[in-house]
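With our numbering, the residue at position 15 of the sequence shown is 595, and numbering never jumps.
Glycine included, C-beta positions come from ideal geometry on N, C-alpha and C.
Predicted, not measured: the structure shown is a model, and the values here were computed from it.
Following: one structure in structure tokens, then a few remarks.
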Amino acid sequence: MALSRGLRCCQRVFSWIPVLIITCVVLWSYYAYVFELCLCKYEKLLAYLLVFHVCFVMFSWTYWKSIFTPPASPCKKFQLSYSDKQRYEMEERPDAQKQILVEIAKKLPIFSRAQSGAIRFCDRCQVLKPDRCHHCSVCETCVLKMDHHCPWVNNCVGFANYKFFLLFLSYSMLYCVFIAATVFQYFLKFWVGDLPNGPAKFHVLFLMFVALMFFVSLMFLFGYHCWLVAKNRSTLEAFSAPVFINGPDRNGFNVSTRRNLQQVFGEDRRLWFIPVFTSQGNGHYFPLKNRSSESHNSLLANEDMWEESDDGSEEGSLGESLSFCHMHIYTSMHSL
């Protein structure tokens with residue numbers, strides 16, 4: 581037991597190494613650009629410094645948000661109650677266990693299924709998985725709209741921080757492009773021998789190579805995620821299509837490019853490029869392509885009903901509204 585705890589502790593420590601590498605590279609690039617290029621050795625490039633610091637601040641802000649925004653997990657509504665858990669654990673027949681989960685899922689907005697057609701259930705977290713939710717073995721929890729676990733941010737990328745991750749990629753590219761574009765003229769002087777000898781000479785050389793190397797890597801990754809956003813798919817869904825009652829459907833959550841963008845970035849375009857949370861919904865359910873717009877709006881309009889009060893109790897009117905919502909969802913499910 582102590583050995584297992586020690587291994588987990590070592591794993592947590594080593595998981596921060598990629599973040600530490602990125603941090604060291606960025607801090608070195610800051611020193612090389614600001615002190616070796618702009619202030620110390622060559623010209624007083626004040627205009628360059630202004631734009632550079634804007635890019636640096638936005639990159640650091642989005643990277644911080646991607647790292648330290650906790651992955652959102654399913655709320656208590658999707659956990660088995662004590663009585664349901666007792667029934668489920670005491671039942672030894674797999675078919676009967678599946679039927680128990682089906683009965684519980686009728687009260688919840690769950691439309692996706694496992695490959696076998698059964699309700700998706702996480703034995704480790706003891707929750708019915710909402711649509712697009714998956715269990716992360718690294719974070720050891722179920723993550724809403726999980727995209728992937730990224731070692732470079734040491735965090736799961738999912739509903740809570742997907743916008744921050746996309747902005748991190750975009751501002752990283754902008755940071756690299758600006759450095760490469762402004763250093764290029766000094767890079768040319770290096771080859772013709774116009775730069776004086778000294779450490780600054782090599783800082784300029786490595787700045788160019790590192791910026792271009794990271795830009796090429798980020799360009800393909802960012803382009804891939806832009807395609808995913810336009811199609812309203814996660815990385816996991818791109819490799820394995822989500823399964824519904826009528827079978828697998830890669831475009832099950834694709835509800836038009838504009839609405840797909842709004843789900844991630846929100847409706848206020850002024851906030852799209854700022855790392856504040858503006859994504860629509862709460863990550864537990866998403867509009868489906870083959871459902872009517874009225875059903876989409878009804879689900880989104882009733883999302884607050886799934887939030888419990890601070891003391892864990894619910895008002896009587898809320899319970900009645902939930903019952904009506906459950907009945908509406910159940911009817912919609914069987915109409916598919």
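Cα-Cα separation, residue i to residue j
| i | j | result |
| --- | --- | --- |
| Leu617 | Trp644 | 26 Å |
| Glu847 | Lys686 | 31 Å |
| Asp884 | Gly861 | At Asp884, the pLDDT of 45 sits below 50, so the modelled position is not reliable; the number obtained from the coordinates is stated separately. Going from the Cα of Asp884 to the Cα of Gly861 covers about 9 Å. |
| Ala740 | Lys869 | 22 Å |
| Ile597 | Asn834 | 37 Å |
| Leu770 | Leu785 | At residue 770 the sequence reads Phe, which differs from the Leu that was named. Near 8 Å, if we compare the C-alpha coordinates of Leu785 and Phe770. |
| Cys590 | Phe764 | 42 Å |
| Gly586 | Ala780 | 44 Å |
| Glu683 | Leu607 | 55 Å |
| His805 | Cys702 | 27 Å |
| Gln659 | Arg849 | 36 Å |
| Gly697 | Gly827 | 8 Å |
| Arg588 | Val614 | 40 Å |
| Ser717 | Leu630 | 43 Å |
| Val856 | Cys604 | 25 Å |
| Ser889 | Ile854 | Here the model assigns Ser889 a pLDDT of 37, short of 50, so the residue's position is not dependable and the matter cannot be decided. |
| Phe767 | Val634 | 23 Å |
| Arg592 | Phe800 | 29 Å |
| Thr649 | Val772 | 47 Å |
| Ser529 | Asn831 | An answer regarding residue 529 cannot be provided, because it is not within the stretch 581 to 916 covered by the chain. |
Residue j beta carbon less than 8 Å from that of residue i
| i | j | result |
| --- | --- | --- |
| Ala821 | Met788 | no |
| Thr642 | Asp727 | no |
| Ser646 | Phe745 | yes |
| Tyr611 | Phe636 | no |
| Leu747 | Leu708 | no |
| Lys725 | Leu688 | no |
| Lys665 | Gln706 | yes |
| Phe594 | Arg712 | no |
| Ser653 | Thr721 | yes |
| Phe632 | Phe758 | yes |
N- and C-terminal bounds of the alpha helix (DSSP H) containing residue i
| i | result |
| --- | --- |
| Asn870 | No alpha helix (DSSP H) holds Asn870; DSSP gives it neither H nor E. |
| Val682 | 674–685 |
| Cys635 | 626–648 |
| Val737 | No alpha helix (DSSP H) contains Val737, which is instead part of the beta strand (DSSP E) from 735–737. |
| Cys705 | Taken as a continuous stretch (DSSP letters only), Cys705 belongs to no alpha helix (DSSP H), as it is neither H nor E. |
| Cys604 | 597–611 |
| Ile699 | First-last for Ile699: undefined, no H or E at that position. |
| Leu816 | 815–819 |
| Cys756 | 742–772 |
Same chain, Cβ closer than 6 Å to residue i, five either side skipped, listed in chain order
| i | result |
| --- | --- |
| Cys756 | Ala791, Phe794, Phe795 |
| Thr762 | Tyr628 |
| Trp807 | none |
| Ser859 | Lys743, Val844 |
| Met638 | Tyr751 |
| Asn812 | Phe833, Asn834, Asn840 |
Supposed contact pair residue j and residue i - C-beta distance, whole angstroms, cut 8 Å
| i | j | result |
| --- | --- | --- |
| Asn735 | Pro651 | 7 Å |
| Ala810 | Thr837 | 5 Å |
| His715 | Arg704 | 6 Å |
| Ile690 | Pro674 | Incorrect: roughly 19 Å between the Cβ atoms, too far for contact. |
Contact set for residue i: own chain, Cβ-Cβ below 8 Å, skip 5 residues either direction
| i | result |
| --- | --- |
| Cys719 | Pro651, His729, Asn735, Cys736 |
| Arg693 | Ile699, Arg700, Val823, Phe824, Ile825 |
| Leu625 | Leu617, Cys618, Thr762 |
| Leu798 | Leu749, Ser752, Met753, Cys756 |
| Leu851 | Phe845, Thr858 |
| Tyr668 | Leu660, Gln677, Ile680, Leu681 |
| Ser732 | Rather than Ser, the amino acid found at residue 732 in this sequence is Trp. Closer than 8 Å at the Cβ level, and outside the excluded window around Trp732, lie Pro598, Val599, Ile602. |
| Asp891 | With a pLDDT of only 39 at Asp891, under 50, the local geometry of the prediction cannot be trusted, and the value read off the model is given with reservation. Within the same chain, Asp891 has no close Cβ partners at all. |
Residue i - containing beta strand (DSSP E), residue span
| i | result |
| --- | --- |
| Thr837 | Here Thr837 belongs to no beta strand (DSSP E); instead the alpha helix (DSSP H) covers 837–845. |
| Thr721 | 721–723 |
| Cys716 | 714–716 |
| Cys618 | Element bounds for Cys618: n/a, residue is neither H nor E. |
| Cys730 | 728–730 |
Cutoff 7 Å; reference residue i; Cβ partners in own chain excluding five residues on either side
| i | result |
| --- | --- |
| Asp829 | Ala821, Pro822 |
| Glu671 | Gln677, Ile680 |
| Gly738 | Pro651, Ala652, Val723, Leu724, Lys725, Met726, Asp727 |
| Gln842 | Gln860 |
| Phe802 | Leu749, Ser750, Met753 |
| Gln695 | Val823 |
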